[in-house]
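**Q**
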Amino acid sequence: MAFTDNVRDLSNAGGYQFEFRCERCGNGYRSAYQADLVAKGSSLVQAAGRFFGGKVADLSYAAGSWAADRQTNSSAKDKALDAAVGEVRDAFRQCHGCGDWTCHEVCWNDAVGQCVRCSPQQAEELAQLQAEARRYQLQEQLRTTDLVGGADLRTPVVTRCPSCAAKVDGGKFCGECGERLAQVAACRECGTTNAAGARFCAECGSPQAT
Numbered sequence: 001m002a003f004t005d006n007v008r009d010l011s012n013a014g015g016y017q018f019e020f021r022c023e024r025c026g027n028g029y030r031s032a033y034q035a036d037l038v039a040k041g042s043s044l045v046q047a048a049g050r051f052f053g054g055k056v057a058d059l060s061y062a063a064g065s066w067a068a069d070r071q072t073n074s075s076a077k078d079k080a081l082d083a084a085v086g087e088v089r090d091a092f093r094q095c096h097g098c099g100d101w102t103c104h105e106v107c108w109n110d111a112v113g114q115c116v117r118c119s120p121q122q123a124e125e126l127a128q129l130q131a132e133a134r135r136y137q138l139q140e141q142l143r144t145t146d147l148v149g150g151a152d153l154r155t156p157v158v159t160r161c162p163s164c165a166a167k168v169d170g171g172k173f174c175g176e177c178g179e180r181l182a183q184v185a186a187c188r189e190c191g192t193t194n195a196a197g198a199r200f201c202a203e204c205g206s207p208q209a210t
């Protein structure tokens, strides 16, 4: 019987229903619910046993045990599963490349006669490769793009004012107390570190901004 490893049993005491899943994308297809008239009759017997007791109760217990066996493994359940397979068969194809049962709507390549895992759709494969190429090219272009402009990358960054401990987001002076933030400054010409407020670089003599 087909669909032996991708089927889930949703049957209950009143009837049979099965769910079949595509082994590639996982989409599920449920068969129509098949009511079990014999099981319904058994339920009536069990109800009568609970009401009347005695021998009827014994008969009810036997009917319940029989119904449980019928739900787990019986010719009735086999027939119900066979009918469910016939109901969903057109929605699936079995790939002879990998043996998987895949849904025809999403995961089947009609032109080749295989699932799209074994024989990808050309347009979809090309679209995926184009997306990967765009991502790679964006990364490469971003690596060569200057994102910091004229930012001073040499002077140590200060996140809190050394005088009042207020949090700061850049700049030369504290927005709370007005204290100079950088205690040292790098020379714009040679990069040498000078004391904050120095008018000339101690290394190259270049004028420093104050």
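If you're matching positions, the sequence shown starts at 1 in UniProt numbering and goes up one per residue. We put the CB at the ideal spot given by N, CA and C, even for glycine.
Just to confirm, are Ser206 and Arg188 a CB contact at a threshold of 8 angstroms?
**A** Within the sequence shown, the letter at position 206 stands for residue 206. Within the sequence shown, the letter at position 188 stands for residue 188. It is a contact, given that the beta carbons lie within the stated cut-off.
**Q** Report yes if the C-beta distance between Ala80 and Tyr16 is below 8 angstroms; otherwise report no.
**A** Here residue 80 is taken as the residue at index 80 of the sequence shown, counted from 1. Here residue 16 is taken as the residue at index 16 of the sequence shown, counted from 1. Tyr16 sits close to Ala80, with the two beta carbons spaced by under 8 angstroms.
**Q** DSSP beta-bridge partners for Asp9?
**A** Numbered from 1 along the sequence shown, position 9 holds the residue referred to as residue 9. Per the DSSP secondary-structure output, Asp9 pairs in a beta bridge with Phe18.
**Q** Please determine, among Ala32, Val116, Cys107, the residue with the shortest C-alpha to C-alpha distance to Asp82.
**A** Taking the first residue of the sequence shown as 1, we reach residue 82 at position 82. Checked all of Ala32, Val116, Cys107; the closest Cα to Asp82 is Ala32.
**Q** Is the separation between the beta-carbon of Val85 and that of Tyr29 shorter than 8 angstroms?
**A** Reading the sequence shown from its first residue, position 85 is the one you call residue 85. Reading the sequence shown from its first residue, position 29 is the one you call residue 29. No.
**Q** Can you tell me whether DSSP reads Gln34 as helix, strand or coil?
**A** The residue you call residue 34 lines up with position 34 of the sequence shown. The three-state reading of DSSP puts Gln34 in strand, counting E and B together.
**Q** Using the rule of at least 16 other Cβ atoms within 10 Å of the residue's Cβ for burial, across every protein chain shown, is Val168 buried or exposed?
**A** Within the sequence shown, the letter at position 168 stands for residue 168. So Val168 ends up on the buried side.
**Q** Could you check which residue in Arg143, Arg24, Ala182 has the C-alpha nearest to that of Asn109?
**A** If you number the sequence shown from 1, residue 109 lands on position 109. Out of Arg143, Arg24, Ala182, Arg24 has the C-alpha closest to the C-alpha of Asn109.
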